[in-house]
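So the structure is just underneath, and the comments pick up after that.
In the numbering used here, the protein residues as written are 352 to 553.
Right, here's the structure in full:
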């Protein structure tokens with residue numbers, strides 16, 4: 352399996368705020384590297400939906416139009432990739448995961464995000480609730496392009512960016528922690544950039 356990488360340049364910025372740059376990272380500046388394992392899915396909006404399933408009372412499902420009609424939020428956040436680049440002040444718009452999971456019974460402790468192309472990643476429920484995560488469909492005021500995860504991706508900015516799953520199609524809630532795609536290949540189960548949790552055992 353090959354890792355696709357474009358727009359990648361190692362150049363530190365003198366303006367990098369030291370208190371916002373996790374250890375071992377560098378400021379990528381204006382670039383936005385594209386990293387994918389496999390080809391880029393391109394799902395027509397008429398065929399796209401988002402579901403919440405698993406430890407819930409019935410599957411929740413939104414079509415594209417229904418998702419777009421949900422209460423929306425604009426966020427400006429720093430993002431940090433496990434490959435050591437960071438990008439500051441990225442601007443996104445979308446729906447808080449809190450909105451999607453509102454009023455669910457407190458049976459689950461974990462979520463498995465699943466995506467077009469077969470990608471998955473696991474997260475504790477606490478890392479995607481409490482105003483910490485969003486399903487976003489715009490970047491810098493424009494529709495999110497497929498190479499960056501469009502039409503919609505997960506955004507969990509306080510964790511390494513592989514946890515912000517591209518081409519998101521839903522969440523499976525569970526009482527147990529089930530490793531996702533990269534986690535089964537030795538990446539850290541949680542991925543906190545401030546603790547340099549890159550790989551299993553870090």
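Don't be surprised by glycine CBs; every beta carbon is placed ideally from N, CA and C. Since we're looking at a predicted model, the values are computed, not measured.
Would you check if there are 3 or more beta carbon pairs closer than 8 Å linking the segment 511–519 to the segment 462–481? yes
On the CB-based measure, 16 or more other CB atoms within 10 Å of its CB, does residue 614 come out buried or exposed? The first residue shown for the chain is 352 and the last is 553, placing residue 614 beyond what the model contains.
Are the beta-carbon atoms belonging to residue 429 and residue 414 less than 7 Å from one another? no
Output needed for residue 544: all residues of its chain with C-beta closer than 6 Å, excluding positions within five of it in sequence on either side, in chain order. 373, 431 and 511
What separation, rounded to the nearest whole angstrom, lies between the Cα atoms of residue 392 and residue 518? 7 Å
Which of the three DSSP states is assigned to residue 373 in this structure? coil
When you compare only the Cα positions, how much space is there between residue 383 and residue 459? 34 Å
Measure the alpha-carbon distance for residue 402 versus residue 482 and round it to whole angstroms. 20 Å
CB of residue 372 to nearest heavy atom of the ligand NAP: below 6 Å? For the structure depicted, the ligand NAP is absent and the ligand set is empty, with no information on it obtainable.
Mind checking which residues open and close the alpha helix (DSSP H) that includes residue 546? Neither: residue 546 is in no alpha helix (DSSP H) and is coded neither H nor E.
Alpha-carbon to alpha-carbon, residue 493 and residue 546: 33 Å
Spatial distance of residue 406 from residue 377 (CA atoms): 39 Å
Whose C-beta lies closer than 8 Å to the C-beta of residue 442 among residues of the same chain, with five residues either side of it excluded? 425, 426, 427, 490, 491 and 492
Cα-Cα separation between residue 552 and residue 488, rounded to whole angstroms: 34 Å
Taking all protein chains shown into account, decide if residue 478 is buried (16 or more other Cβ within 10 angstroms of its Cβ) or exposed. buried
Cα separation between residue 357 and residue 436? Below a pLDDT of 50, predicted positions are generally treated as unreliable, and residue 357, at 33, falls in that range; no measurement from the model is reported.
Does any residue of chain C bring its CB to less than 7 Å from the CB of residue 528? Checking the listed chains, one finds no chain C in this structure; it contains a single protein chain.
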